[in-house]
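Protein chains in written order, with the numbering used here: chain A, -10 to 206; chain B, -10 to 206.
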Ligand SMILES: Nc1ncnc2c1ncn2[C@@H]1O[C@H](COP(=O)(O)OP(=O)(O)OP(=O)(O)O)[C@@H](O)[C@H]1O
Ligand SMILES: Nc1ncnc2c1ncn2[C@@H]1O[C@H](COP(=O)(O)OP(=O)(O)OP(=O)(O)O)[C@@H](O)[C@H]1O
């Protein structure tokens, strides 16, 4: 059970507080706006109204004892940078900060944020990608490698054939990881014959998956 | 190549415009704030300053011809709802809208949004989950099934043993999908012997993955 200080109670900050509280963590929530502080009073263990650019006030609410700090201030770039620098200076082991722009993000890293997040920018990219490639919403990127994994429906051309016959890996340069047949999952073998209604968990690079999605139907 | 109307050029809206333009789509970007419109002028094909609660102005910029509309207005809940209702009324095939709260989201669906997004709320949940379970940032949820997929490092106890010897699937109730050995990937067989430095792509439910991460080291 960790102690996490959340600075800034906009949509992002409140969501962090709610999920952390749900996961049984000790949350200290602060905001300069009294009404926003009151709105999380039932959710977190401790909350206080304060200006997070005031180091003494942060120390007063226990910032030094926090395992993690999340700076969720949004539009006030100056306050976000100052608060991050202060919390880093208090030697909190992990400081997460949220940025408005790339430049803001770079400055946050420089003043001590161990991790910078871009909620709106990342959501915008994801939405745009799924609008252009709707099948993408059935896939996830495996962190770290450019590999996509997701479930596809067996196409008419696949039904009744084995993976070996289809030369699946050779044809699509993607790997079938798992079969999902009527809810029961099993590992594929070269001689596994695809049945109608089968779902296949496949993995491959973004480009190979894109080509497969075009070719398979 | 689709025509996409983006209403509201905050961080989320601008990110949608940039990624869509990068993907070669025809983007019409509008905002009530002249400065925000000017900031995307180099990125999109057409932009205009207008109040999106004015149906005539939306028609003037070609809203009827759009394949998709994205309502990216943030803080002005009333304008977000009205604009969504208007665009739905213009029979745009796909209307995506962004919501501040669950209630806002429900109203947007009711007035015609085919899909509602919560950028800050989703980012807040994800960050909170990775703060509590740091290994989660190495995993992705495969859409639709509660299955997590991600790469793990072979632990000391695994090295030198085959998957069969380890009774991997029985012990952890997770499936090894792929081996990544020095950058070269291959499908595992029961007699595949794990070597030091191997990365294993594993899949399982959230609970099973969590237990495996505790047990394996
Ligand atoms: N100096 C400060 N000290 C403490 N809290 C602050 C300070 N400056 C701003 N905040 C708070 O940070 C919160 C989030 O900032 P703001 O609402 O500007 O951003 P936002 O981008 O709209 O947030 P979100 O997107 O998460 O809803 C607000 O509740 C605001 O009161
Ligand atoms: N009636 C309207 N017509 C057109 N644009 C509007 C209207 N109302 C608000 N907007 C624009 O929507 C944009 C996004 O809204 P706002 O900045 O309030 O939200 P935000 O949540 O801070 O955005 P983001 O989180 O994406 O940065 C702003 O640029 C604003 O000018």
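Positions of the beta carbon are idealized from the N, C-alpha and C atoms, including for glycine.
When you measure from the CB of residue 64 of chain A to every non-hydrogen atom of ligand 2, does any distance come out below 8 Å? yes
Short CB-CB distance (under 9 Å) between residue 40 of chain A and chain B: no
Do the region 19 to 32 of chain B and the region 167 to 181 of chain A make contact, defined as three or more Cβ pairs closer than 8 Å? no
Under 7 Å from the C-beta of residue 66 of chain A: neighbouring residues of chain B: Ordered by position in chain B, no residue passes the 7 Å Cβ test against residue 66 of chain A, which lies about 12 Å from the chain.
State the Cα-Cα distance for the pair residue 162 of chain A and residue 197 of chain A, rounded to the nearest angstrom. 6 Å
Using a Cβ cut-off of 9 Å (strictly closer), state whether residue 132 of chain B contacts chain A. yes
Any idea which residues DSSP pairs residue 1 of chain B with across the strands? The partner list for residue 1 of chain B (beta bridge, DSSP) is empty, contrary to what the question assumes.
Are residue -2 of chain B and residue 61 of chain B closer than 9 Å when you measure CB to CB? yes
Check whether the Cβ of residue 141 of chain A lies closer than 8 Å to any heavy atom of ligand 1, and answer yes or no. no
Going by DSSP, name the residue or residues bridged to residue 161 of chain B. Answer by DSSP bridge pairing: none, since residue 161 of chain B is not bridged.
CB contact below 9 Å: residue 4 of chain A versus chain B: yes
Using 9 Å as the threshold, is the C-beta distance between residue 165 of chain B and residue 189 of chain B below it? yes
Coarse secondary structure for residue 181 of chain A, derived from DSSP in three states: coil
For the region 100 to 108 of chain A against the region 84 to 92 of chain A, do three or more pairs of beta-carbon atoms, one drawn from each stretch, fall closer than 8 Å, so that the two count as touching? yes
Short of 9 Å Cβ to Cβ, which residues in the region 99 to 110 of chain B face chain A? 104, 106, 107, 108, 109 and 110
Residue interval of the alpha helix (DSSP H) (run including residue 103 of chain B): Taken as a continuous stretch (DSSP letters only), residue 103 of chain B belongs to no alpha helix (DSSP H), as it is neither H nor E.
Any alpha helix (DSSP H) of 4 or more consecutive residues that is wholly inside the region 39 to 98 of chain B: 44 to 49 and 66 to 78
Can we count residue 42 of chain A as close to ligand 1, meaning its CB is less than 8 Å from some heavy atom? yes
Going by DSSP, which residues form a beta bridge with residue 193 of chain B? B:137
Using a C-beta to C-beta distance shorter than 9 Å, which residues of chain B count as neighbours of residue 168 of chain A? What residue 168 of chain A touches in chain B: nothing, since even the nearest Cβ is about 11 Å away.
In this structure, how does DSSP classify residue 249 of chain B when only helix, strand and coil are distinguished? Outside the modelled stretch of chain B, which goes from -10 to 206, sits residue 249 of chain B, for which no answer is possible.
Three or more C-beta pairs below 8 Å linking the region 149 to 158 of chain B and the region 124 to 139 of chain B: no
When the cut-off is 9 Å and only beta carbons count, does residue 139 of chain B lie next to chain A? yes
Can you check which of these residues, B:183, B:52, B:131 and B:173, is closest to residue 144 of chain B by C-alpha distance? B:183
To the nearest angstrom, report how far apart residue 58 of chain A and residue -10 of chain B are at their CA atoms. 44 Å
According to DSSP, is residue 166 of chain B helix, strand or coil? strand
Quickly, what does DSSP pair residue 17 of chain A with across the bridge? List them, please. A:-6 and A:35
My output table needs one value for residue 151 of chain A: the three-state DSSP class, helix, strand or coil. strand
Given 8 Å as the limit, tell me if residue 109 of chain B has its C-beta closer than that to any heavy atom belonging to ligand 2. yes
Our contact map puts residue 81 of chain B next to residue 100 of chain B with C-beta atoms below 8 Å; I'd like the distance itself, whole angstroms only. That belief does not hold up - the Cβ atoms of residue 81 of chain B and residue 100 of chain B are roughly 13 Å apart, past 8 Å.
With a threshold of 8 Å (Cβ to nearest heavy atom), would residue 51 of chain B be considered close to ligand 2? no
Name the two residues that bound the continuous alpha helix (DSSP H) containing residue 29 of chain B. 23 to 29
Nearest-angstrom Cα distance between residue 91 of chain B and residue 65 of chain B? 15 Å
Does any C-beta atom of chain B lie closer than 9 Å to the C-beta of residue 121 of chain A? yes
Should residue 182 of chain A be listed as close to ligand 1, given that the test is whether its C-beta is under 8 Å from any heavy atom? no
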